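Numbering of the sequence shown is given in the numbering used here, commencing with residue 227 and proceeding in unit increments.
Yeah, the Cβ is synthetic: ideal placement off N, Cα and C, and Gly gets one too.
What you are looking at is a predicted structure, and each value in this text was computed from that prediction instead of being measured.
For reference, the structure is listed below as structure tokens.
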Amino acid sequence: MRYDLDGVAASLSKGEVIARGAGMWAWREMLPVTQTGNVVSLGEVATPLVPLPRLGARHGAAAPVAKDEGRLPTGSFKARGLGMAVSMARELGITRIAMPTNGNAGAALAAYGAAAGMETYVFCPEDTPEVNVREIALQGAKVWRVNGLIGDCGKIVGEGKEHMGWFDMSTLKEPYRIEGKKTMGLELLAQLGWEVPDVIFYPTGGGTGLIGMWKAFAELEAMGWIGSERPRMVAVQASGCAPMVRAWEKGERTAEPWKDAHTVAAGIRVPGAVGDFLILDAVRESGGFAIAVDDADIMAMRDRVATEDGLLLCPEGAATAAAWEQSLAEGRIAKDDRCILFNCATGLKYPMPPAERALDRHKPIDWDDIAAG
Ligand SMILES: *Cc1c(COP(=O)(O)O)cnc(C)c1O
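Structure below.
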């Protein structure tokens, strides 16, 4: 998507966008939907910036700040991309849509598809978290578990196009999801008073958000709202599925598909990304890097941030915090760097460790026991 950015800059001021109030639709001049009546909205909010002071203090570093995308409709930042894609599908007269998903994208597609009155078909790997499959079904989509990975599901969507007459909403197979994800970058800079942070840690699967934010910064510069300064973009992946990290370390522009992909962070279990070169270009141009973290560190970080800083991250969000810690230890970032961690979904959608203490109210209570926990 290209816009008349000189025209936008001439007719719109920073103050005006802010005065419109929260949410991605405040940026409408920089978005593809032309008729307001085509906007499909479920109440998108501007997501808050939540500092993690205890995590920072543990390392004598400035507190990293989580952008908590879990507050969006359907509990993940997929709402930005799919809200935009479904709105554009409506504008273009499309009524039947399909996509492969690891969970959250399908949930957002189902919800916005239902709101738009569309027929929605979703295909997910058989080990997709139960909560995701059920929320997809409950929000009006037809959903299938497939005995394969996300790429196998994508093949089914591609093959069915002719027979089913559906539109393929896969990552980067249509141009509008990225425009929705772009609003993360616009919103972030507005929240920071138009000052770019030093580093952005982004949990990278298909990379739509990273690519989208990179585009957002270029558009803001073209409008004269920011200068040429950019945050360092860090692509965070899991050690069990790290195609971007391997390509980045080898200095390659595209990434070989990852074999036997596995990680607890299902949202970033993407063995091959269509936009691999766009991700790697943005990471390089920004002076950033790609980094892999182990599942054990991801889960330990989720526990620690929840108990010490009070924010329940999703595993993908916890991966960014673990990557921040690892980068600090390896001297790849500085202690006083202003770092943003993307928590891309609410932690409430993921399995949590059991809590099994029980109390018999008919017996005398041992208060020392209670105090000991
Ligand atoms: C989709 C998803 C990601 C990856 O986002 P991309 O922009 O596609 O790379 C990360 N975390 C969660 C929770 C997701 O649902």
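| Query | Result |
| --- | --- |
| Nearest-angstrom beta carbon gap, residue 443 and residue 458 [assumed within contact, 8 Å] | Rounded, the Cβ-Cβ distance is 12 Å, inconsistent with contact. |
| Presumed contact (8 Å Cβ cut-off) between residue 307 and residue 380, rounded CB distance | Wrong, their Cβ atoms sit about 16 Å apart, outside the cutoff. |
| Proximity to residue 427 [Cα-Cα], best of 357, 336, 480, 514 | 514 |
| Where residue 562 falls: helix, strand or coil (DSSP) | coil |
| Proximity to residue 437 [Cα-Cα], best of 539, 526, 397, 229 | 397 |
| Cross-strand partners of residue 364 (DSSP beta bridge) | In DSSP, residue 364 forms no bridge with anything. |
| Per DSSP, the bridge partner or partners of residue 461 | 428, 516 |
| Continuous alpha helix (DSSP H) assignments of at least 4 residues falling wholly in the segment 258 to 344 | 279 to 284, 304 to 317, 330 to 341 |
| 7 Å CB neighbourhood of residue 411 in its chain, flanking five on each side removed | 438, 439, 442, 443 |
| Residue 358 beta carbon near ligand 3 (any heavy atom closer than 7 Å) | With respect to ligand 3, the structure shown offers nothing to examine, as its ligands consist of ligand 1. |
| Residue 346 versus 479, 291, 569, 362, residue with shortest Cα-Cα distance | 362 |
| Local Cβ density within 10 Å of residue 344, reported as buried at 16 or more and exposed below that | buried |
| Beta-carbon spacing of residue 349, residue 372 below 8 Å | yes |
| For residue 394, the three-state DSSP class (helix, strand or coil) | strand |
| Whole-number beta carbon distance between residue 431 and residue 524, since they are thought to touch under 8 Å | In fact, because the Cβ distance is near 14 Å, the residues do not count as touching under 8 Å. |
| Per-residue DSSP class, three states only, for residue 409 | helix |
| Residue 331 Cβ short of 7 Å to ligand 1 heavy atom set | yes |
| Three-way DSSP call (helix, strand, coil) for residue 499 in this model | coil |
| Boundaries of the alpha helix (DSSP H) in which residue 583 is found, first to last residue | Looking at the DSSP string, residue 583 is not in any alpha helix (DSSP H), and its letter there is neither H nor E. |
| Buried or exposed (CB count within 10 angstroms, at least 16 for buried), residue 270 | buried |
| Residue span of the alpha helix (DSSP H) that contains residue 243, given as start and end | 240 to 245 |
| Sequence-distant residues of its chain with Cβ nearer than 7 Å to residue 314 (five each side left out) | 258, 259, 402 |
| Per DSSP, the bridge partner or partners of residue 371 | 350 |
| Cα-Cα separation between residue 472 and residue 507, rounded to whole angstroms | 14 Å |
| Euclidean distance between Cα positions of residue 583 and residue 589 | 15 Å |
| Contact under 8 Å by Cβ, residue 538 with residue 532 | yes |
| The segment 274 to 284 touching the segment 321 to 334, judged by at least three CB pairs closer than 8 Å | no |
| Counterpart residues of residue 572 in DSSP-defined beta bridges | 539 |
| Beta carbon of residue 540 nearer than 8 Å to that of residue 575 | yes |
| Cut-off 8 Å between Cβ atoms - residues of its own chain near residue 517, not counting five sequence neighbours on either side | 460, 461, 462, 463, 471, 549, 552, 553, 558 |
| Top-ranked residue by Cα proximity to residue 571, from 298, 284, 478 | 298 |
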